[in-house]
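Engineer: Residue numbers (our numbering), protein chains in the order written: chain W, 57 to 344; chain B, 129 to 421. Backbone N, C-alpha and C define an ideal beta-carbon position, used for all residues, glycine too. Owing to the predicted nature of the structure, the values given are computational and were not obtained by experimental measurement.
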Amino acid sequence: MAAGQLESGATASDRRRKLMDKFMTGVAYFFTFIAIAVLVWVIAYVIIRGISVWSPAFFTENTALFGDGGGIYNAMYGTFVIVLMAIAIGVPMGIMAGIYLAEFGDNRLGDFVRFIADTMAGIPSIAVGLFMYGLLILIMGWNAFAGACALAILMLPVVARTTEGIIRLVPGEIREASLALGLPQWKTMLRVVLPTAAAGIITGAFLAVARAAGETAPLIFTILGSNFFNSNPMEGAMAAVSLYVYQASSSPYQAVQEAGWGAALVLLLFVLGLNFIARAIAFTQKQN
Amino acid sequence: MERNKTKEQTSKEKATPKKQESQTGQRQAEAPMEHTAQSMEVNGLNAYYGGFKAITDIGMKIAPNKVTALIGPSGCGKSTFIRTLNRMHEVARGGRVEGEVLLDGEDIYGKNVDPVQVRRKIGMVFQKPNPFPTMTIYDNVVAGLKLQKRHKKGELDDIVEGSLRQSALWDEVKNKLNDSGMSLSGGQQQRLCIARTLAVEPEVILLDEPASALDPMSTMKIEDAMLELKKRYTIVIVTHNMQQASRASDYTGFFFIEDMGEPGQLWEFAETEKIFTRPERKETEDYVTGRFG
Ligand SMILES: Nc1ncnc2c1ncn2[C@@H]1O[C@H](COP(=O)(O)OP(=O)(O)OP(=O)(O)O)[C@@H](O)[C@H]1O
Ligand SMILES: [Mg+2]
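Structure, rendered in structure tokens:
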């Protein structure tokens, strides 16, 4: 009886509903396909344009913005040093801020910090670069440290808010179990909550770093760019891969523009690599 | 005056078995030692969640080395009450307490009392097994200890074995102490949580429906463990299982809530046998005979 009722329900309105169902599913598939196609296209295009300029010399010579181009040795060094410094400054601060927000931030001050962090996350990166220019460059002259600070400022709110979110995901029961054993709140945090949240926090940090590593705007007003190898992050202009891509693209020399594609490919792989590591960490955590 | 006296007495009593332990050098490795645990007393206790009063005017004497069961319909404040006994209530949002709770005569809500110290003396096992997910079985057991003072490795091994034996889990896990605590079954996880609580050597153990998520076999094992444990500890257990209450407890408290939105009360408190055979109040009788609840 009941089954009969269900079967005989194929009225006109039911058919219309089913058709609509199919249509909407189709639309969703279509746009998903477009989004993925664009992404694949971008990646494929960069690979095709970039791979042709790769050669051993490309990775061992310094940049040149004229003539037949050069390598990106100094730019890779610059990116490496700047990103490393930015991590050293931004990630610990961001994690601390996230811990504060999750553990002690259920009050006015916490809301205020959250508001500031969310606002900070929306500030255009070039404005952060200009800020560092006013704060450090006018006093110290061009230097990579200021660039690293600018990237750290961009990472900070992202790391803080993801850390907060992940810590809040740690089940209350686990926290309670620890408190009920007579462990004080800070030990509970350090020994129980943080290890449980560690993988998520690291994943979040990697994503923020990957985001910052590709940034160009904040570097324009801080490290300036250079065609020489400069090992000292505290003094003098420095090259970075992202900045070089930007500068090479506006060069009148065909060969330099080509070298820019080669550098873009390096940057793309670097950022994709960071993303991949982040996902891998999240994935292995889920397996456990 | 009187309080101090009781305290001294118990601390003397406590000292004796401890000495024996160190002589045999095999701390707890066998069945739990006999030990006079501490008693508790609750007077005029109210507990709130923000503006909501969850329980009102609770008074109860919790006898040492006995199992005290708390029963009653859902939402009448059993969990709230048991959490006030080791100051876990104040961990909840808006959690606030009035009245006094004495552990061996000393008010755990006294002005200079550190809740962390209270919780070391009054351990708690929760309804849902909650082992620390990032730790091995071994590390779970010593989680509450390791951090307090330095223990030698051999000493820790003894504590782990002793605690796991007391919670009737040793034989099942002795060959995989380094596996994750999460690799165990629900019932095993719960016994691991009990072992973890025992390892810090509390005086009182609070269990909030420890078997409600478990199969009958695991429930039996926990009950058996409890009968052993009361030789050494004072036990308070919340349960929905009438058989469990009547079988395993010495005293029973029936919590009841008269009307929706009213705070829960301790409706009747007496020896378990009396509550189950000749309760004084009608609601108690209705509840234990399964006529409502
Ligand atoms: N964290 C909380 N915040 C606000 N109200 C709460 C909180 N926990 C419990 N309550 C309320 O307090 C009252 C008593 O709840 P409690 O959990 O103590 O009942 P219980 O007797 O343990 O019930 P059960 O048998 O279902 O576990 C209920 O009305 C409940 O809604
Ligand atoms: Mg409850």
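With a threshold of 8 Å on Cβ separation, who are the neighbours of Ser-298 (chain W) within its own chain once the five nearest residues in sequence on each side are excluded?
Structural biologist: Only Thr-135, Ala-269, Gly-270, Glu-271, Thr-272, Leu-275, Leu-323 meet the Cβ criterion.
Engineer: Taking Ile-230 (chain W) as the query, report the chain B residues whose CB atoms sit under 8 Å from its CB, ordered along the chain.
Structural biologist: Here the neighbours are Asn-258, Phe-260, Pro-261.
Engineer: Using CA coordinates, which residue listed in W:Lys-74, W:Val-139, W:Ala-200, W:Lys-243 is at the minimum distance from Met-49 (chain W)?
Structural biologist: Outside the modelled stretch of chain W, which goes from 57 to 344, sits residue 49 (chain W), for which no answer is possible.
Engineer: Would you grab the beta carbon distance between Val-215 (chain W) and Ala-264 (chain W) for me? Rounded to a whole angstrom, and I think it's under 8 Å.
Structural biologist: So it is a contact: roughly 5 Å between Cβ atoms.
Engineer: I need the residues with a C-beta less than 5 Å from some heavy atom of ligand 4; please give them in chain order.
Structural biologist: By its list of ligands, the structure shown excludes ligand 4, since it contains just ligand 1 and ligand 2.
Engineer: Consider the C-beta atom of Val-366 (chain B) and the heavy atoms of ligand 2; say whether any pair is separated by less than 7 Å.
Structural biologist: Because some heavy atom of ligand 2 lies under 7 Å away, the Cβ of Val-366 (chain B) counts as near it: yes.
Engineer: Can you check DSSP and say which residues form a bridge with Asp-286 (chain B)?
Structural biologist: Asp-286 (chain B) pairs with nothing; no bridge assigned.
Engineer: Do you know how far the Cα of Val-312 (chain W) is from the Cα of Phe-122 (chain W)?
Structural biologist: Cα to Cα, the separation comes out at about 6 Å.
Engineer: For chain W, check one thing: does any of its Cβ atoms lie closer than 8 Å to the Cβ of Asn-437 (chain B)?
Structural biologist: The structure shown does not extend to residue 437 (chain B), since chain B is modelled only from 129 to 421, so the question has no answer here.
Engineer: Closer than 7 Å, Cβ to any Cβ of chain B: which residues of the segment 241-262 of chain W, in chain order?
Structural biologist: Cβ contacts with chain B: Lys-243, Arg-247, Val-248, Pro-251, Thr-252.
Engineer: May I ask you to check if the CB of Asp-387 (chain B) is nearer than 7 Å to at least one heavy atom of ligand 2?
Structural biologist: No, ligand 2 has no heavy atom inside 7 Å of this Cβ.
Engineer: Going by the CB atoms, is the gap between Leu-326 (chain B) and Ser-377 (chain B) shorter than 8 Å?
Structural biologist: No, they are not a contact pair.
Engineer: Name the chain W residues whose beta carbon is nearer than 9 Å to that of Thr-347 (chain B)?
Structural biologist: In chain order: nothing, as chain W lies at least about 20 Å away.
Engineer: Going straight from the alpha carbon of Ala-197 (chain B) to that of Arg-231 (chain W), what length do you get?
Structural biologist: Rounded to whole angstroms, Ala-197 (chain B) to Arg-231 (chain W) spans 26 Å at the Cα level.
Engineer: Is the beta carbon of Gly-238 (chain W) sitting closer than 8 Å to the one on Arg-248 (chain B)?
Structural biologist: Contact: yes.
Engineer: Classify Glu-399 (chain B) as helix, strand or coil using the three-state DSSP reduction.
Structural biologist: Glu-399 (chain B) falls in the strand class under three-state DSSP.
Engineer: If I measure Cβ to Cβ from Ser-139 (chain B) and keep anything under 7 Å in the same chain, skipping five residues before and after, which residues do I get?
Structural biologist: Confidence is the limiting factor: at Ser-139 (chain B) the pLDDT is only 44, short of 50, which leaves the residue's position unreliable, though a coordinate-based value still follows. Here the set comprises nothing.
Engineer: If Phe-260 (chain B) sits next to Val-248 (chain W), beta carbons under 8 Å apart, how far is it from one beta carbon to the other, in whole angstroms?
Structural biologist: Confirmed, about 6 Å.
Engineer: Rounded to the nearest angstrom, how far is the Cβ of Arg-224 (chain B) from that of Tyr-176 (chain B), given a contact under 8 Å?
Structural biologist: About 4 Å separates the two Cβ atoms, so the contact holds.
Engineer: Is there a C-beta anywhere in chain B that falls below 8 Å from the one on Leu-237 (chain W)?
Structural biologist: Interface residue, yes.
Engineer: Distance, Cα to Cα, Arg-324 (chain B) vs Asp-70 (chain W)?
Structural biologist: Answer to the nearest angstrom: the Cα atoms are 58 Å apart.
Engineer: Near Ala-338 (chain W), which residues of its chain fall below 8 Å by C-beta distance, leaving aside the five closest residues on each side in sequence?
Structural biologist: Excluding positions up to five away in sequence, the list reads Ala-255, Gly-256, Thr-259.
Engineer: Smallest Cα separation from Lys-243 (chain W): which of B:Val-244, B:Thr-400, B:Lys-410?
Structural biologist: Closest by alpha carbon: B:Val-244.
Engineer: Determine, using beta-carbon pairs with one atom in the segment 185-192 of chain B and one in the segment 390-404 of chain B, whether at least three such pairs fall under 8 Å.
Structural biologist: Contact between the segment 185-192 of chain B and the segment 390-404 of chain B is present, because at least three Cβ pairs lie under 8 Å.
Engineer: With C-beta atoms as the reference, is Ala-316 (chain W) less than 8 Å away from Val-301 (chain W)?
Structural biologist: First, the amino acid is wrong: residue 316 (chain W) is Gly here, not Ala. Yes, they are a contact pair.
Engineer: I want to verify the contact list: residues of chain D whose CB lies under 8 Å from the CB of Phe-254 (chain B), in sequence order.
Structural biologist: Annotation note: the requested chain D is absent from the structure, which comprises protein chains W and B.
Engineer: Could you tell me which of B:Val-364, B:Met-370, B:Gln-393 sits nearest to Ser-167 (chain B), measuring between CA atoms?
Structural biologist: Comparing Cα positions, the closest option is B:Val-364.
Engineer: Helix, strand or coil for Val-246 (chain B)? Go by DSSP, reduced to three states.
Structural biologist: Here Val-246 (chain B) sits in helix by DSSP.
Engineer: Would you identify the three-state DSSP class for Tyr-85 (chain W), choosing helix, strand or coil?
Structural biologist: Residue state, collapsed to three classes: helix.
Engineer: Does Glu-220 (chain W) pass the burial test, meaning 16 or more other C-beta atoms within 10 Å, or should it be called exposed?
Structural biologist: Glu-220 (chain W) is buried by the Cβ-count criterion.
Engineer: In three-state DSSP terms, what is Ile-446 (chain B)?
Structural biologist: Since the first residue shown for chain B is 129 and the last is 421, residue 446 (chain B) is missing from the structure and cannot be characterised.
Engineer: Taking only the alpha-carbon atoms, compute the straight-line gap between Arg-293 (chain B) and Arg-375 (chain B) and give it to the nearest angstrom.
Structural biologist: Arg-293 (chain B) and Arg-375 (chain B): Cα-Cα distance of roughly 22 Å.
Engineer: Leaving out five residues before and five after Phe-262 (chain W) in sequence, what residues of the same chain have Cβ atoms less than 8 Å from its Cβ?
Structural biologist: Within the same chain, Phe-262 (chain W) has close Cβ partners Leu-330, Asn-331, Ile-333, Ala-334, Ile-337.
Engineer: Spell out whether any CB of chain W is found under 8 Å from the CB atom of Ala-182 (chain B).
Structural biologist: Output row for Ala-182 (chain B): interface = no.
Engineer: Please confirm whether any heavy atom of ligand 2 lies closer than 7 Å to the CB of Glu-337 (chain B).
Structural biologist: True, at least one ligand heavy atom lies under 7 Å from that Cβ.
Engineer: For a test of the three-state rule: what should DSSP assign to Tyr-237 (chain B), helix, strand or coil?
Structural biologist: Tyr-237 (chain B): coil per DSSP, three-state reduction.
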